Amino acid sequence: MMAVEYRESDSVSAEFDVMENRPLLSVEGISKLYAPGKGCQDISFDLYPGEVLGIVGESGSGKSTLLRVLSGRETPDAGKIHYLSQFAKDLSLYDLSESHRRRLLRTEWGVVHQHPMDGLRPRVSAGGNIGERLMAVGYRHYDDIRNTALKWLRDVEIPADRVDDMPVTFSGGMQQRLQIARNLVTHPRLVFMDEPTGGLDVSVQARLLDLIRNLVTDLGLSVVIVTHDLAVARLLAHRLVVMKESRIVESGLTDQVLDDPQHPYTQLLVSSVLQG
Ligand SMILES: Nc1ncnc2c1ncn2[C@@H]1O[C@H](COP(=O)(O)OP(=O)(O)OP(=O)(O)O)[C@@H](O)[C@H]1O
Ligand SMILES: [Mg+2]
Numbered sequence: 001m002m003a004v005e006y007r008e009s010d011s012v013s014a015e016f017d018v019m020e021n022r023p024l025l026s027v028e029g030i031s032k033l034y035a036p037g038k039g040c041q042d043i044s045f046d047l048y049p050g051e052v053l054g055i056v057g058e059s060g061s062g063k064s065t066l067l068r069v070l071s072g073r074e075t076p077d078a079g080k081i082h083y084l085s086q087f088a089k090d091l092s093l094y095d096l097s098e099s100h101r102r103r104l105l106r107t108e109w110g111v112v113h114q115h116p117m118d119g120l121r122p123r124v125s126a127g128g129n130i131g132e133r134l135m136a137v138g139y140r141h142y143d144d145i146r147n148t149a150l151k152w153l154r155d156v157e158i159p160a161d162r163v164d165d166m167p168v169t170f171s172g173g174m175q176q177r178l179q180i181a182r183n184l185v186t187h188p189r190l191v192f193m194d195e196p197t198g199g200l201d202v203s204v205q206a207r208l209l210d211l212i213r214n215l216v217t218d219l220g221l222s223v224v225i226v227t228h229d230l231a232v233a234r235l236l237a238h239r240l241v242v243m244k245e246s247r248i249v250e251s252g253l254t255d256q257v258l259d260d261p262q263h264p265y266t267q268l269l270v271s272s273v274l275q276g
C-alpha cells in the first residue's frame, strides 16, 4: 500500500472532531480592485466541509478575480481568508509564504480552469498529467502511479489506450475530464472551478456536469464553482452568491435564490434565463 506522505503539520488527529462544525474556508472583507468597480470588493462568506458554493453573475462582475484570490493565486488589497487545513490547522492564507500557498495548491486543493489546457501540461502524456500530481504528494512507485492513473482515466471515461497520448490530441470534453482527473486524483479537500463546462457543446456539457456531480458527492468535496450558467449552478451548488460590479448583491440557498430572488439584479438574471 502506498501512503500519501505529505504532512502539513504534526497536529494530533484528535482535532478532527472539532473540524466538522468549523468552516473550511472563511472569507472576511476581501477586496481586489484593478480599477473602480473592476475586480471584487467587500466579499465575505463561509464555506463548510462538503459544501458546493456557486458564484454567479454577468461577465466582468469579478467572479474569476475572486476565485483567484480565494485559491491563493492573487493577493487581495484587503481582507482575510482563513483555511482550515488538514489536521485542523487554521491558516491565514496571505500570511503564509508563497511557497506554502503553492504547496496547498498541489496537495490539499485543486483548480479546474475553464480552458483545460491552462490546467494541463501539453508535453506530458495523459497518464503523466495525472501521475505528476501523485508524485507531488509523495507517490514514488511507477506501478502505483500507472495503476492509479489508469483507474482515474476510467473514472472520467477516457479509454485506457489513450494513457500515453498527449492531451493536445484529445477533444475539448476529454481534455476537461483529464484536467478533472489530474485535480482529483490526490483527493483534495477543496476544489476551485472556473466555468468548467464553459467552452463545450451542450451534450458534452451535460455529461461532464453529471460526472462532476457524482465525483463531488462520492469524494465529499468542498467546491467553489464560478459559472454564469444558472442551470449549472442549480445542478451543482448548495448555496449561491450573486455578484454584480465586483460586489455580492445576494446570497443564500440555491433554490431560494433562483426561485425567489430578492435583489432586482438577481431577478433580472433569473428572468433573462427563463426567456432565453
Ligand atoms: N489582471 C487584470 N488587470 C486589470 N484588470 C483586470 C484583470 N483581471 C480582471 N480585470 C478586470 O476586472 C473585472 C472583473 O474581471 P473578472 O475576470 O474577474 O470577471 P468575470 O466575472 O470572471 O467575467 P467573465 O464571466 O467574463 O469571465 C473586469 O472588468 C476585468 O477587465
Ligand atoms: Mg471569469
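Just so we're aligned, residue 1 is where the sequence shown starts under this note's numbering, counting upward by one.
No residue lacks a Cβ here, since even glycine has one placed at the ideal position from N, Cα and C.
Note that the coordinates shown come from a computational prediction; the quantities given were computed from them, not determined experimentally.
*asked:* Is there a Cβ of chain B sitting closer than 8 Å to that of Ile180, yes or no?
replied: The structure shown has no chain B; it contains just one protein chain.
*Evaluate Asn147 with the Cβ neighbour count: other Cβ atoms within 10 Å of its Cβ, from every protein chain shown; 16 or more gives buried, anything less gives exposed.*
Here residue 147 refers to the residue found at position 147 of the sequence shown. Its Cβ having fewer than 16 others within 10 Å, Asn147 is exposed.
*asked:* Short of 8 Å in beta carbon distance, which residues of its chain neighbour Thr75, apart from the five on each side in sequence? Order them along the chain.
replied: For the purposes of this step, residue 75 is taken as residue 75 along the sequence shown, with counting starting at 1. Lys32, Val69 and Tyr94, listed in sequence order.
_Assuming Ala160 is part of the beta strand (DSSP E), what are its boundary residues?_
Within the sequence shown, numbered from 1, the residue matching residue 160 stands at position 160. Premise fails: Ala160 is in no beta strand (DSSP E) and is neither H nor E.
*Using DSSP with H/G/I as helix, E/B as strand and the rest coil, what is Met117?*
Your numbering for residue 117 matches position 117 in the sequence shown. Three-state DSSP puts Met117 in a helix.
*So does Val242 have its beta carbon nearer than 7 Å to some heavy atom of ligand 2?*
As a working note, residue 242 is residue 242 in the sequence shown. Outside the cutoff, so no.
*Counterpart residues of His100 in DSSP-defined beta bridges*: Counting from 1 along the sequence shown, the entry for residue 100 is found at position 100. DSSP lists no partner for His100.
_Let me check you understand the geometry: is the CB of Tyr34 closer than 7 Å to at least one non-hydrogen atom of ligand 1?_
Start at 1 with the first residue of the sequence shown, and residue 34 comes out as number 34. Yes, since a heavy atom of ligand 1 falls inside the 7 Å radius drawn around the Cβ of Tyr34.
*Cβ pair count under 8 Å reaching 3, the region 245-263 against the region 77-88*: no
*Rounded to a whole number of angstroms, what is the C-alpha to C-alpha distance between Leu106 and Ser97?*
Position 106 of the sequence shown, counting from 1, holds the residue named residue 106. Position 97 of the sequence shown, counting from 1, holds the residue named residue 97. Checking the sequence, you will find Arg at residue 106 rather than Leu. Approximately 15 Å, taken between the alpha carbons.
*Endpoints, beta strand (DSSP E) assigned at Tyr48*: The residue given as residue 48 occupies position 48 in the sequence shown. Per DSSP, Tyr48 is not a residue of any beta strand (DSSP E), being assigned neither H nor E.
_I need the boundaries of the beta strand (DSSP E) containing Leu253, first residue and last residue._
Here residue 253 corresponds to residue number 253 of the sequence shown, with the count starting at 1. Element bounds for Leu253: Arg247 to Leu253.
*Kindly indicate the opening and closing residues of the beta strand (DSSP E) around Glu28.*
The residue you call residue 28 lines up with position 28 of the sequence shown. Segment Leu25 to Ala35, the beta strand (DSSP E) holding Glu28.
*Which residues in the same chain as Thr65 place their Cβ atom closer than 6 Å to its Cβ, once the five residues preceding and following it in sequence are excluded?*
As a first step, residue 65 is located in the sequence shown; it is residue number 65 there, counting from the start. Closer than 6 Å at the Cβ level, and outside the excluded window around Thr65, lie Lys32, Gly39 and Cys40.
_Local Cβ density within 10 Å of Phe16, reported as buried at 16 or more and exposed below that_ = As a first step, residue 16 must be located in the sequence shown, where it is residue number 16. At Phe16 the pLDDT is 44, less than 50, meaning the model places this residue with poor confidence and gives no usable figure here.
_Whole-angstrom distance between Tyr265 and Pro196, CA atom to CA atom_ = In the sequence shown, the residue the question calls residue 196 occupies position 196. In the sequence shown, the residue the question calls residue 265 occupies position 265. Linking Pro196 to Tyr265 through their CA atoms gives a straight-line distance of about 24 Å.
*Determine the extent of the alpha helix (DSSP H) in which Val204 is found, giving its start and end residues.*
Numbered from its first residue, the sequence shown carries residue 204 at position 204. Residues Val202 to Leu219.
*Could you tell me if Pro167 is buried or exposed, where buried requires 16 or more neighbouring beta carbons within 10 angstroms of its beta carbon?*
As a working note, residue 167 is residue 167 in the sequence shown. Classification for Pro167: buried.
*With a threshold of 7 Å, establish whether the CB of Asp229 neighbours any heavy atom of ligand 2.*
The residue labelled residue 229 in the question sits at position 229 within the sequence shown. No, the beta carbon of Asp229 sits no closer than 7 Å to any heavy atom of ligand 2.
*Of the choices Gly252, Val224 and Gly128, whose alpha-carbon is the least far from that of Arg189?*
Within the sequence shown, the letter at position 189 stands for residue 189. For Arg189, the nearest C-alpha among the options comes from Val224.
*List the residues that DSSP assigns as beta-bridge partners of Ile81.*
As a position in the sequence shown, residue 81 is number 81, starting the count at 1. For Ile81, which the question treats as bridged, DSSP gives the partners Val27.
*Leaving aside the five residues before and after Trp109 along the sequence, list all residues of the same chain whose C-beta is less than 6 Å from its C-beta, in chain order.*
Residue mapping note: residue 109 aligns to position 109 of the sequence shown, counting from 1. Excluding residues within five positions, the ones whose Cβ falls inside 6 Å are Pro188 and Leu190.
*asked:* Any heavy atom of ligand 1 inside 7 Å of the beta-carbon of Lys38?
replied: Numbered from 1 along the sequence shown, position 38 holds the residue referred to as residue 38. Flag set: Cβ of Lys38 near ligand 1.
_Secondary structure of Ser222, DSSP reduced to three states_ = For this step, residue 222 is matched to residue 222 along the sequence shown. DSSP places Ser222 in strand when its eight states are reduced to three.
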